[in-house]
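Residue numbers (our numbering): 6 to 663.
Here it is, written out as structure tokens:
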């Protein structure tokens, strides 16, 4: 940086710190922040629309709030009282409503006790933050009072009288309920400093839209996009193949809540078309997978879902075939399907061999032009397309994903991405062609992200945007997609062929090599990840914990945290999800058992049972100074010292103190 450039930057900085006194004060403040313990980071992956379990884990901070309550009150409060206090913190509105409805007497004593207990918990969880940061987490109407309560000494008799008088006044003015709810929410927020979601907010669960609504209320989170997120982003951008896949997956798991209730997608045209086209078809291969205890019992409705499921599946295969023909540069000719069908013989040719079709009733298939939509299918696709692109709430949620998301993140010596980085068999970075140029590793991820963003409002022309929209489908199932990274996706074969040999999807080299410490070290070097302890953190591939698989791999350099939030994966993983927690003393992996329901959690105080595995403990406490944020603060302190030098040597004139 030239002296002239440096001086211009110092002139700009002087506008905010116009004299040496202000600059010195800021240096003192920043140095104090650097000495604080680092905030707690939570890493989760593969939520798959399971909003109740996910939100409960955030409400209880993966069990951290319960530990805080026990540390504070063990020996002074009974287990039952501590348990009830935790439930109140997790679900303040609903729990208070239940308590108040069941109360036969005045609740003033309960309010007073509870407020004092909550202030103690809040004081504990806020202790590692500056007053300024805590203040920003407080709602304006109660900010002053909460600050007063948090920063008064509990051992000072005079101050105790002061605190109790504040609490009495809160109750007398009828604000106890609002105040309790506010403090509980502050405890939840301050218990997690930064939330990292390693992909797949969307999929089969019923509440992806509820998760996104919650995330819109937070600031301190980031998302590393997963394959299901990319699929929904493509659908929102207007990629018809992505729209068809989103619908197929939703119907496969009888999950219309996200589509209809969440985003107002009109499924009536699809239902009408399916009933007419497949009126006499039992659609047995397309019966939905219903959730245990929550499934549909109405046979007519089940059959309708199956008909819709089959109708959109056939449309999907046609739209995919069209995309493959339009984009020969993707090199996925093997993905062609419908031209391999022999309807008369009832067979399908797969790699040179004929296999019997499990379902050969395909009334909209033109054997001479198998990927052409029928006029009715074409009209249906247009209506579905319109429904997705005009959904205001869907577009709002996708904008949130775009503003908080990326293909990968490097944070505090950790490399975060959802699934893989394409590799060759020898562990070298695989080159992938995009728009006539080849990229690999970090550059590949950046180029993919740029292309994804191009599909949304941008200065590019329609042809560029159209290609970008199509690319979302490639990200879903392309062999060199970092979000897929398999030889092929055998969706058609799994529906229509019985022989499991046709269902095989060969995983890419990353999955074969990721347990090799040298491969992980090379990747970390390539992405510029430095530090004494550095890690790759992934989701995407469920960890078979019930069978003894260890999520910590490559001598501790790789952590895979897909523990199966989705109920469909509980039998596969043997658990119900992981949270990786990185606090000032190191890493802990929290393993969760299945969560029943929010209703049961509120009514009975049921919590998720979790077990803790210490992954990596540091010899000393990690301070803000040791983090990425600390590095930026130290750079800022250096700039302020330069500004002080400029003031003291007359290079920049100080402005008068006001």
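Quick reminder that beta carbons are idealized off the backbone N, C-alpha and C, glycines included.
In this text the structure is predicted, and so the values were computed from the model without any measurement.
Kindly list the residues whose CB is nearer than 7 angstroms to the CB of residue i, restricted to its own chain and excluding five residues on each side of it in sequence; keep chain order.
i	result
residue 125	77
residue 610	88, 89 and 92
residue 258	209, 293 and 294
residue 381	278
residue 220	226 and 405
residue 454	411 and 412
residue 317	249, 252, 253, 256 and 275
residue 486	479 and 480
residue 447	531 and 532
Which residues in the same chain have their Cβ closer than 6 angstroms to the Cβ of residue i, if we skip the five residues on either side of it in sequence?
i	result
residue 476	456
residue 688	Absent from the model: residue 688. The displayed extent of the chain is 6 to 663, so no value can be given.
residue 196	66, 69, 70 and 130
residue 377	371
residue 574	547
residue 23	660
residue 342	322 and 497
residue 113	176
residue 157	164 and 168
residue 394	243
residue 288	311, 312 and 315
Can you give the Cα-Cα distance for residue i and residue j, rounded to whole angstroms?
i	j	result
residue 415	residue 534	7 angstroms
residue 564	residue 553	15 angstroms
residue 556	residue 130	29 angstroms
residue 392	residue 285	28 angstroms
residue 364	residue 622	56 angstroms
residue 569	residue 122	35 angstroms
residue 577	residue 388	38 angstroms
residue 300	residue 625	The predicted model places residue 300 with a pLDDT of 49, which falls under 50 and marks its position as unreliable, so this point remains unresolved.
residue 95	residue 605	13 angstroms
residue 171	residue 115	15 angstroms
residue 653	residue 559	53 angstroms
residue 177	residue 36	43 angstroms
residue 599	residue 584	13 angstroms
residue 132	residue 444	46 angstroms
residue 346	residue 240	28 angstroms
residue 508	residue 484	15 angstroms
residue 49	residue 205	10 angstroms
residue 107	residue 607	14 angstroms
residue 543	residue 562	11 angstroms
residue 166	residue 47	38 angstroms
residue 330	residue 438	17 angstroms
residue 602	residue 57	7 angstroms
residue 521	residue 449	22 angstroms
residue 379	residue 511	34 angstroms
Span of the beta strand (DSSP E) holding residue i?
i	result
residue 354	352-355
residue 442	442-444
residue 591	591-597
residue 583	583-588
residue 616	615-622
residue 48	46-49
residue 61	Here residue 61 belongs to no beta strand (DSSP E); instead the alpha helix (DSSP H) covers 56-64.
Locate the alpha helix (DSSP H) running through residue i, then write down its first and last residues.
i	result
residue 277	273-282
residue 429	Element bounds for residue 429: n/a, residue is neither H nor E.
residue 501	496-501
residue 78	69-78
residue 270	Neither: residue 270 is in no alpha helix (DSSP H) and is coded neither H nor E.
residue 12	8-21
residue 467	467-482
residue 238	232-242
Within its chain, find whatever has a CB closer than 8 angstroms to the CB of residue i; leave out the 5 residues flanking it on each side and keep chain order.
i	result
residue 514	427, 428, 429, 430, 432 and 435
residue 152	136, 139, 140 and 143
residue 101	93, 182, 185 and 186
residue 550	556, 568, 578, 579, 580 and 596
residue 586	45, 46, 47, 48, 67, 69, 592, 593, 594 and 595
Let me see if you follow: with CB-CB separation under 8 angstroms, is residue i close to chain B or not?
i	result
residue 130	This model lacks chain B altogether; it includes just one protein chain.
Identify every run of the alpha helix (DSSP H) within the region 360-425, keeping only runs that are complete inside it and at least 4 residues long; order them along the chain. 380-394 and 397-409
Do the region 182-191 and the region 42-61 touch if we need at least three Cβ pairs shorter than 8 angstroms? no
So within the region 147-226, which uninterrupted beta strand (DSSP E) runs reach at least 3 residues, ignoring any that extend past its ends? 199-202
Determine contact between the region 418-427 and the region 225-233, defined as no fewer than three beta-carbon pairs at a distance below 8 angstroms. yes
Three CB pairs or more closer than 8 angstroms across the region 452-469 and the region 313-321: no
Please list the segments of the beta strand (DSSP E) lying wholly inside the region 498-558, counting only runs of 3 or more residues, in order along the chain. 540-543
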